[in-house]
Structures are given as structure tokens and as C-alpha cells.
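Below you'll find the structure, written out as C-alpha cells, and then a few comments.
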Amino acid sequence: MEHFNIIQALCRSALTNPSDAIIHQVERLKEALEKDGHKKEAKSLSVLLNSVNKTFDMAPSRIQRSFSGLKGEELTYKTPIPVDKETATPLAEIIFPNDLPSEPPLFSANVEMAIESILNEWRNFDKLSNIEAHPSRSCLVYGAPGTGKTHLALWIARQLNIPVVLARLDGLMSSFLGTTSRNIGNLFSFASKYQCILLLDEFDAIAKLRNDPQEVGEIKRVVNTLLQNLDSRKELGFTIGVTNHESLLDPAIWRRFEVQIEIPKPSYEVMATLISKKLSPLELEENEIKFLSWSIEGASGADAEMLVKWLKKAYVLNSENSIVDLLRKFAILNTGRIELKKRNILVHSDEELTHALLDDNRFSFKQKDIAQLLGVTPSSLSKQLSKIKETEKINYGE
Ligand SMILES: Nc1ncnc2c1ncn2[C@@H]1O[C@H](COP(=O)(O)OP(=O)(O)OP(=O)(O)O)[C@@H](O)[C@H]1O
Ligand SMILES: [Mg+2]
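Residue numbers for the sequence shown follow this note's numbering, beginning at 670 and rising by one.
So, in C-alpha cells, the structure goes:
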């Protein structure tokens, strides 16, 4: 066939950077050649296409096969994302399974059990379909800031191998009348067209409109749009809403979610596991981890993450310091992360800290543990404590 070598070269260079459209056109050409009896030429295009498909499948940018239980088209890196018509900012971000967190967030056993049950429903999609049941399709995750809510939603998607369409609701708000509702509508139609988890992060942003008396009409419109869209997505996909301020959510919106999970701040046991996991490859004694979780009690997982990041640096740069000394520095530099009461105990004196630790029955610190934390020998700590007792006796005239 005349000039086929040029056509073949053209196809080869186009396929070095293949898009779905290019592959489609080369396939069309191959079929047309086949139909016209140019078997040899069609075969050579077949070889080209096969080699492209192989590298395309292996490239890290290529998404894994999505979960079969969801309706819609498969999202690809080329899928155009809808934008705000006024500002041209994308209404969402697409995150493919390979880019989602693979480390599970750590919660108490009860919360983990609840999450596992949602995952289990999705993993058994077909079994449930056989009895005309379906997994929970909408889930509201709420709780204090920094407790791992967004991380959890993304990790769920990773577990189910489904890409996430992540929209921060405040990003959809527009100062132009009617545009917020239009953005919400466009976002939902986009999410419902593809196999994905729609993650509505910072879900309470809508409630902020309420504080503005001039926005009464607009908020009604926006809430109605949200309700309608949540309703029509009910049968189509999986939606996760995430919020810090669940009380600000309209009760009608709240009711739309089949499952609602409260993420509490970590208990000290969870905090200890969280700290030792995040510290890796640095390894601390069990005693030291216990002390860290005592110090940061009441803080969030995000605070624990900050503490660990800081400690890793401090360990390398100030290796001669005891863990108590390091934590004192951290407490002064992070007044918002360590409760005032604990901060005062920490920075005041070794004696006060020793007593506070010994008196906290939940942690069962022994005197020898505390000596190790302070970087002194047990006998010198015990001498120090008895000296203080003596002074107190004299002061109080016992
Ligand atoms: N329970 C946890 N287990 C593991 N990591 C956690 C946990 N809580 C927080 N983190 C870590 O802290 C950081 C912040 O978490 P994330 O953004 O998920 O919190 P959030 O609850 O969504 O916070 P916000 O309410 O501010 O949006 C992340 O790096 C996350 O991995
Ligand atoms: Mg978040």
C-alpha cells in the first residue's frame, strides 16, 4: 500500500504520548484497513497498539480498574474537571487510588469496627445485590479538627480501589447570586457520571452563609440544591461528607446520610500507638511513648503528628537532652498543642512533674521510669524526692 510507511510512522509518533482519542483514531484506521483487505498493514498497527496498551497499563499514572459496584464511566487522568464559570477554578480534584493514603488512620476499637463494617458491605456488593440490598451509599464523618477525618475518607477509597472526586464546599461558594447552586449541581452531575467516591470536605462551609442576613434567599437555594442532589445521587454512587461543625448542618442534610460516624479525639492508648507508629524509624522506649501521650493528652492526631515531626529533628540535633527536656522545649514552642495544666507542670520543675506522673493512676508510672525519663539514676531521684519531703516537713513544722 502506497505511503503506508509514512502513515505508520505518524501513528508511532502519535502513540508515544497516547491519549484515549489518539488510540481510538488509530484503532479506527486499523479496522478500516482490515475491512479494505490491507491485512498486513492492519496487523502492523495492531502491534503498535498492543505495545502502547502494555506500557499504558504499567505506567504509574494509569489508574487501576475501578470498583465494579459503581455505575458510570471510568475516570482517567484526561477527564476534564468542571470549573466555576466566573473564576475558572476547578470545582474538584480527582485523586486516583494509587495516590490515596495506604496507612490506615488509628482510632478506638469501636470506631474501627464501624468503619470495617462499611468496607465489608462494599466488598460484598454482589452478595448484597442478590438480595436487593445495597451498601451504605452516604456517610457523614464528623468530629474535632485534626482527628483524621479526611485521611479516613481517602483511606476508605483506597481500600475500595475507587478514585475520589474531592470537593471542598467552601471552594464551591461564589459571591455571584445563583453560582453556588450551579456549582453544586455541576459537581454532582460530574461525580454521578463517573465511578468515584464523592468526598464533600469542609461540609459545614454552607452553614457559614447563615450568619449573613442578606443571604437568606441564597442559603435556601443552596440547601435545596444540596438536598436534591444528595437525593438523586442516592442510587448512583458513594458520597462521604466531612465536617468539624456537625451542629451547623441543616437537619434535613444530616438526615440524608445513611451512616454518621463521630471521630473522637484519640484516647491515650490510641495516642501512644499513633505516636510510636509515626515515630518510625525512630524507636523510643515504651516508657517514653507513654510519657509523650501523657503530655499531649487531649490533643488531636494532627497535633501528635506535629510532635513526632519535631521530635525526630530534635533527637538528631539535641541527642544529649532527656526526653523531658525535649518535651519542655516543645511545650514552649507549641502552646496551642499542650494543655495549659500539663504545660505548667512540665515547665515548672522535675519534682512537680515526678509527682504529677506518680499520681496519675491511669498511666502507672514507677519512680524508676520517671528517673529514666529525666535522665537521672533512680537513687538520685529518690534522694532528691526525700530531700524535698524533709524541707516540706521543716517548712510546715511537722
Ligand atoms: N487518628 C489518626 N490516625 C492517623 N493519623 C492521623 C489521625 N488523626 C490525624 N492524623 C494525621 O493528622 C493529619 C491531619 O488529619 P486530617 O486532615 O485527616 O484531619 P481532619 O480531621 O480532616 O482535620 P480538619 O478537621 O482540620 O480538616 C494527617 O496527616 C493525618 O494523617
Ligand atoms: Mg479534614
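Just so it is clear, CB atoms sit at the ideal spot from N, CA and C, and this is done for glycine as well. The structure displayed is predicted, hence computed values, not measured ones.
(message) Taking 7 Å as the cut-off, is the beta-carbon of S969 closer than that to any non-hydrogen atom of ligand 1?
(response) yes
(message) Classify P749: buried if its beta carbon has 16 or more other beta carbons within 10 angstroms, exposed otherwise.
(response) exposed
(request) Output the boundary residues of the alpha helix (DSSP H) element that contains E966. (result) Taken as a continuous stretch (DSSP letters only), E966 belongs to no alpha helix (DSSP H), as it is neither H nor E.
(message) Tell me which residues pass a beta-carbon proximity test against ligand 2: closer than 6 Å to any heavy atom, given in chain order.
(response) Cβ-based neighbours of ligand 2 within the cut-off: K818, T819, D870 and V911.
(message) So for D726, helix, strand or coil by DSSP?
(response) Its pLDDT being 49, under 50, D726 is placed unreliably by the model, and the measurement read from it follows with that caveat. The answer is helix: DSSP assigns D726 an H, G or I state.
(request) If I'm right that A813 touches I866 with Cβ under 8 Å, what's the distance once you round it to whole angstroms? (result) In fact, because the Cβ distance is near 23 Å, the residues do not count as touching under 8 Å.
(message) For F872, list the residues DSSP reports as bridge partners.
(response) Residue pairing by DSSP places F872 in no beta bridge whatsoever.
(message) Determine whether the beta carbon atoms of Q828 and L775 lie at a separation below 8 Å.
(response) In this structure, Q828 lies away from L775, with their beta-carbon atoms at least 8 Å apart.
(message) If I measure Cβ to Cβ from A874 and keep anything under 7 Å in the same chain, skipping five residues before and after, which residues do I get?
(response) A distance below 7 Å between beta-carbons, with the five flanking residues on each side excluded, links A874 to the following residues of its chain, in chain order: L838, D839 and M842.
(message) When you measure from the CB of L976 to every non-hydrogen atom of ligand 1, does any distance come out below 7 Å?
(response) no
(request) Mind reading off the beta-carbon distance from N852 to L760? Whole number of angstroms is fine, and I expect it under 8 Å. (result) About 6 Å; that satisfies the 8 Å criterion.
(message) Need the endpoints of the alpha helix (DSSP H) that S945 sits in, please.
(response) Y937 to L948
(request) Would you be able to state if there are at least three C-beta pairs under 8 Å between the region 797 to 810 and the region 713 to 720? (result) no
(request) Apply the 10 Å Cβ neighbour rule to M782 and answer buried if 16 or more other Cβ atoms are within range, or exposed otherwise. (result) exposed
(message) Quick check on DSSP: helix, strand or coil for S916?
(response) helix
(message) According to DSSP, is I932 part of a helix, a strand, or is it coil?
(response) strand
(message) Along the chain, where does the beta strand (DSSP E) containing E762 start, and where does it finish?
(response) E762 to I764
(message) Rounded to whole angstroms, what is the Cα-Cα separation between G1025 and N990?
(response) Reading the sequence as shown, one finds Ala at residue 1025 and not Gly. So the alpha carbons of these two residues sit roughly 21 Å apart.
(message) So if DSSP puts I909 in a beta bridge, which residue, or which two residues, is it bridged to?
(response) C808 and L868
(request) Provide the residue span of the alpha helix (DSSP H) that contains K996, from first to last. (result) Note on identity: in this sequence residue 996 is Leu, with Lys being the wrong assignment. Note, L996: alpha helix (DSSP H), I992 to L1002.
(message) Need the endpoints of the beta strand (DSSP E) that V834 sits in, please.
(response) V833 to R837
(request) Let me know if Y746 comes out buried or exposed under the rule of 16 or more other beta-carbons within 10 Å of its beta-carbon. (result) It is exposed - the Cβ of Y746 has fewer than 16 other Cβ atoms within 10 Å.
(request) Pull up the DSSP beta-bridge partners for E742, would you. (result) Y863
(message) In whole angstroms, give me the CA-to-CA distance for I1057 and L1050.
(response) 11 Å
(request) Would you check if there are 3 or more beta carbon pairs closer than 8 Å linking the region 897 to 915 to the region 793 to 802? (result) no
(request) State buried or exposed for E1020, treating a residue as buried only when at least 16 other CB atoms are found within 10 Å of its CB. (result) exposed
(request) Confirm, please, whether the CB-CB distance from K982 to L951 is below 8 Å. (result) no
(message) Just verifying my parser: in three-state terms, what is the DSSP assignment at V721?
(response) helix
(request) Closer than 6 Å by C-beta to H914: which residues in its own chain qualify, once you throw out the five before and the five after it? Chain order, please. (result) D873
(request) In angstroms with no decimal places, state the Cα-to-Cα distance between T849 and I888. (result) 9 Å
(request) Taking all protein chains shown into account, decide if S730 is buried (16 or more other Cβ within 10 angstroms of its Cβ) or exposed. (result) Here the model assigns S730 a pLDDT of 40, short of 50, so the residue's position is not dependable, and the following value carries that caveat. So S730 ends up on the exposed side.
(message) Using a Cβ-based criterion (distance less than 7 Å to any ligand heavy atom), does F621 qualify as near ligand 1?
(response) Residue 621 is absent from the structure shown; the chain starts at 670 and stops at 1067.
(request) Could you tell me the distance, in whole angstroms, from the CA atom of K740 to the CA atom of I930? (result) 25 Å
(request) Go through the region 755 to 806 residue by residue and report every complete run of the beta strand (DSSP E) that reaches 3 residues or more, in order. (result) 762 to 764
(request) Give me the Cα-Cα distance between I992 and K998, rounded to the nearest whole angstrom. (result) Note on geometry: alpha-carbon atoms of I992 and K998 lie some 10 Å from one another.
(message) For a test of the three-state rule: what should DSSP assign to V1045, helix, strand or coil?
(response) coil
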